[in-house]
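Structure first, commentary second.
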Amino acid sequence: MDLHDLSHKSLATSRWLTAYHDGHAWRNHEVEHYAYLRDRANDLLQLGEISTDTRNRLSFAAFETYEAYLRLNAAAETQWAWHYEYLVHEADTLIGRIGGEGHLFADPDRQLLGCISVTPGVVPRLIRYVDYAPVVIGIVDGLLITRPDAEPWRMTLIRNPNAKRWTAD
Numbered sequence: 008m009d010l011h012d013l014s015h016k017s018l019a020t021s022r023w024l025t026a027y028h029d030g031h032a033w034r035n036h037e038v039e040h041y042a043y044l045r046d047r048a049n050d051l052l053q054l055g056e057i058s059t060d061t062r063n064r065l066s067f068a069a070f071e072t073y074e075a076y077l078r079l080n081a082a083a084e085t086q087w088a089w090h091y092e093y094l095v096h097e098a099d100t101l102i103g104r105i106g107g108e109g110h111l112f113a114d115p116d117r118q119l120l121g122c123i124s125v126t127p128g129v130v131p132r133l134i135r136y137v138d139y140a141p142v143v144i145g146i147v148d149g150l151l152i153t154r155p156d157a158e159p160w161r162m163t164l165i166r167n168p169n170a171k172r173w174t175a176d
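Shown next, in the form of structure tokens:
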């Protein structure tokens, strides 16, 4: 039996699994989210809704995911990563925002300036399509977008403090 099988056991375990699969919470509040999941698994055990074995499996799964997101979040602070949002600056001027899907939108008019293309074996590039042909705007290196004819753009990770926080019922 895996964790997915628990979703049909009760509403409380289904809610726990929903919180467990919430990537936004893991990316923005990994410590707090792990503590919620661990404490909620303990509550379910004390209420008699799950066994000790199930509680241990839930807590261990949450801990493994917590460790993984600690590494992912640390890496996202030093290099561009999928599913994370970044502000893009040229010197002190805000150029735009890169969403979790890799699209760079101008600020504030939301005009699409390009998207980050990740091809296996190729350095990530910021590209824009002109007449249906990709044009490389810059090369993504860590948190810098190096442009051939201009100043580099730098990215800063956005942590969303308003991301959903799971709370006990």
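Residue numbering for the sequence shown follows this note's numbering, beginning at 8 and increasing consecutively. Heads up, the beta-carbon is just placed ideally off N, CA and C, and yes, glycines get one too.
By DSSP, does residue i sit in helix, in strand, or in coil?
{"i": "H5", "result": "Outside the modelled stretch of the chain, which goes from 8 to 176, sits residue 5, for which no answer is possible."}
{"i": "H31", "result": "helix"}
{"i": "V125", "result": "coil"}
{"i": "W173", "result": "coil"}
{"i": "W23", "result": "helix"}
{"i": "L18", "result": "helix"}
{"i": "L10", "result": "helix"}
{"i": "D148", "result": "strand"}
{"i": "H90", "result": "coil"}
{"i": "P141", "result": "strand"}
{"i": "E97", "result": "strand"}
Which first and last residues belong to the alpha helix (DSSP H) in which residue i is found?
{"i": "A68", "result": "T59 to A83"}
{"i": "H40", "result": "E37 to Q53"}
Among the residues of its own chain, which have a CB less than 6 Å from the CB of residue i, if the five just before and after it don't count?
{"i": "E56", "result": "S17 and A19"}
{"i": "E84", "result": "L164"}
{"i": "N167", "result": "N35"}
{"i": "Q86", "result": "G149"}
Which term fits residue i, buried or exposed, when burial requires 16 or more other beta carbons within 10 angstroms of its beta carbon?
{"i": "G103", "result": "buried"}
{"i": "Y93", "result": "buried"}
{"i": "G128", "result": "exposed"}
{"i": "W160", "result": "buried"}
{"i": "V143", "result": "exposed"}
{"i": "L13", "result": "buried"}
{"i": "L51", "result": "buried"}
Within a Cβ cutoff of 8 Å, which residues of the same chain sit near residue i, ignoring the five residues on either side of it in sequence?
{"i": "A170", "result": "H31, A32, R34, N35 and H36"}
{"i": "Q118", "result": "F112"}
{"i": "L10", "result": "L24, Y27, R64, L65 and A68"}
{"i": "V137", "result": "none"}
{"i": "P141", "result": "S124, I134 and R135"}
{"i": "G106", "result": "E92 and F112"}
Would you say residue i lies against chain B (beta-carbon separation less than 7 Å)?
{"i": "D138", "result": "No chain B appears in the structure shown, which is made up of a single protein chain."}
What first and last residue would you give for the beta strand (DSSP E) that runs through residue i?
{"i": "R132", "result": "R132 to V137"}
{"i": "R104", "result": "T100 to I105"}
{"i": "R161", "result": "W160 to I165"}
Quick one: what's got a C-beta closer than 7 Å to residue i's C-beta in the same chain, skipping five residues either side?
{"i": "A82", "result": "A88"}
{"i": "N80", "result": "R34 and E37"}
{"i": "R45", "result": "S66 and A69"}
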